[in-house]
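Heads up, the thing below is written out as structure tokens.
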Amino acid sequence: MSERNRPLSRALSAPLRAMNRVLGAADGSVTGARPGHGAGSAVVDCAVYVAGQRLPGHHSPDEALKIACAQENAFVWLGLHEPDEEEMGAIARTYGLHELAVEDAVKAEQRPKLENFGSVHFLVMRTARYVPHSQLTETSQVVETGQMMIFVGEQFVITVRHGDASEMGSVRADLESSRADLLEQGPWAVAYAVTDRVVDHYVAVADKVEVDLDLIEEGVFARDQASPIPAIYQMKRELVEFRRAVTPLQRPLAMIVALVPKRIGKYFRDVQDHLTRTVEQVSSFDDLLNSILQARLAQVTVDQNNDMRKIAAWAAIATVWTAGAGIYGMNFKFMPELDWQYGYPAWWTVILIISVLLYRALRRSGWL
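The sequence shown maps to residues 66 to 433 in this note's numbering.
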């Protein structure tokens, strides 16, 4: 969900979640409720991993933490989607999260950053998703953004997602099915997998935006199409939103690479390389859009000059007729042509010859 639509969506979603909780309390068998979690809960999944393997069963957040603390090489992965203050506050009390980080996780209006609250690290990222569209117009939404927060503790990792971009279900499934060796390295391994997925979405969005830029560039030099200037400005606005998600994440990633153990730091360095390439790509997009806009404005200026030359050329031809009509409209008494038998056809002949010669001269010079 884009930043500009988030306040309205949150205002609508909060009453719905509250109503779901009321209905869930009255009837425990609400359709679609995840086993182990109440209806309307922001908890998407809560699992305990021991030596890279997920323990069977469903656990509440507090039960999962107790199980993880009682075993070696174990941690909790708690996934949340748009929690409210009440639910996030309860989780914060259980996991010892700082109130400032909890406030950021609920409001979801932060720039990418990495903060340290004792033994808990708090990473904020912006997610991005490409919005398909049949034609780019001055109102088309190209990039939809949300937010992803990650709390990394010694025996837990909590992911908080806002918006529909960068869902985490496939990330968890991939880690559990084929990358148990990575999960064995603890909470920072989950933080890497989530960060890697977010940055991979950046790369995908950048590739699709590049296709849109190619279409805009073709439209600029296509003489039979309308002016794409409104679409260019719309794309520049969308790129600004995309850049706000991508560029500020460079510093937090660099801090993580210096912070985490070397065995997991190499994975974050790979993510950092992908992010750097995407940042450079987005910067080139902005330069390309500026060049396209300047080229289109130059075309508009040339077209206007051509139109003015054509108007001036036809005005010059019309001046011949105006001059002839003006001379014979002065009503002088002694004008020999007035009494001449062939004066009228001669006047027409002279005016037409001058007009034709003038037209051919203007045509050869490119004015017509």
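Backbone N, C-alpha and C define an ideal beta-carbon position, used for all residues, glycine too.
Computed from a predicted structure; not experimentally measured.
Extent of the continuous alpha helix (DSSP H) to which residue i belongs
{"i": "A139", "result": "It is not in any alpha helix (DSSP H) - A139 instead sits in the beta strand (DSSP E) that spans A139 to H146."}
{"i": "L354", "result": "K327 to Y393"}
{"i": "Y160", "result": "E150 to Y160"}
{"i": "D110", "result": "Segment V108 to V115 is the beta strand (DSSP E) holding D110; no alpha helix (DSSP H) there."}
{"i": "W405", "result": "Per DSSP, W405 belongs to no alpha helix (DSSP H) and is neither H nor E."}
{"i": "P121", "result": "Where P121 is concerned, there is no enclosing alpha helix (DSSP H), given that its DSSP letter is neither H nor E."}
{"i": "A170", "result": "E164 to K172"}
Span of the beta strand (DSSP E) around residue i
{"i": "Y448", "result": "Any question about residue 448 goes unanswered here, given that the chain covers just 66 to 433."}
{"i": "Q212", "result": "V208 to V217"}
{"i": "E180", "result": "K178 to F182"}
Near the ligand ADP: residue i beta-carbon under 6 Å from a heavy atom
{"i": "M320", "result": "What this structure holds is no ligand at all, so the ligand ADP is not there to describe."}
Per-residue burial, residue i [other beta carbons within 10 Å of its own, 16 or more giving buried]
{"i": "H198", "result": "exposed"}
{"i": "C111", "result": "buried"}
{"i": "R425", "result": "exposed"}
{"i": "L437", "result": "The requested residue 437 does not occur in the structure, where the chain is confined to residues 66 to 433."}
{"i": "V259", "result": "buried"}
{"i": "I441", "result": "The requested residue 441 does not occur in the structure, where the chain is confined to residues 66 to 433."}
{"i": "V263", "result": "buried"}
{"i": "G211", "result": "buried"}
{"i": "R429", "result": "exposed"}
{"i": "Q337", "result": "buried"}
{"i": "V222", "result": "buried"}
{"i": "M190", "result": "buried"}
{"i": "Y298", "result": "exposed"}
{"i": "G251", "result": "buried"}
{"i": "V270", "result": "buried"}
{"i": "F286", "result": "exposed"}
{"i": "G144", "result": "buried"}
{"i": "Y407", "result": "exposed"}
{"i": "W253", "result": "buried"}
{"i": "V325", "result": "buried"}
{"i": "V421", "result": "exposed"}
{"i": "L165", "result": "exposed"}
{"i": "T192", "result": "buried"}
{"i": "A411", "result": "exposed"}
{"i": "A123", "result": "One point to set straight first is that residue 123 is His, not Ala, in the sequence displayed. By the 10 Å Cβ count, H123 comes out exposed."}
{"i": "P295", "result": "exposed"}
{"i": "T224", "result": "buried"}
{"i": "Y332", "result": "buried"}
{"i": "Y409", "result": "exposed"}
{"i": "M300", "result": "buried"}
{"i": "V367", "result": "exposed"}
{"i": "M214", "result": "buried"}
Cβ-Cβ separation, residue j to residue i (assumed contact under 8 Å), whole Å
{"i": "A133", "j": "V113", "result": "5 Å"}
{"i": "E282", "j": "I357", "result": "6 Å"}
{"i": "H146", "j": "R226", "result": "5 Å"}
{"i": "H186", "j": "V217", "result": "5 Å"}
{"i": "R194", "j": "D229", "result": "7 Å"}
{"i": "W386", "j": "I416", "result": "6 Å"}
{"i": "L201", "j": "D279", "result": "Actually they are not in contact, since the Cβ atoms of L201 and D279 sit about 11 Å apart, beyond 8 Å."}
{"i": "V207", "j": "E303", "result": "4 Å"}
{"i": "T159", "j": "L188", "result": "Not a contact, Cβ separation roughly 20 Å."}
{"i": "F350", "j": "V236", "result": "So it is not a contact: roughly 27 Å between Cβ atoms."}
Ranges of the alpha helix (DSSP H) found wholly within the stretch 291-316, counting only runs of at least 4
294-311
Note down, one range per segment and in chain order, each beta strand (DSSP E) of at least 3 residues found wholly within the stretch 221-274.
221-227
Quick check: the stretch 335-349 against the stretch 292-311, are at least 3 beta-carbon pairs closer than 8 Å?
yes
Contact the stretch 177-197 vs the stretch 317-326: 3+ CB pairs below 8 Å:
Yes, the stretch 177-197 is in contact with the stretch 317-326.
With three or more C-beta pairs closer than 8 Å as the rule, is the stretch 115-133 touching the stretch 227-246?
yes
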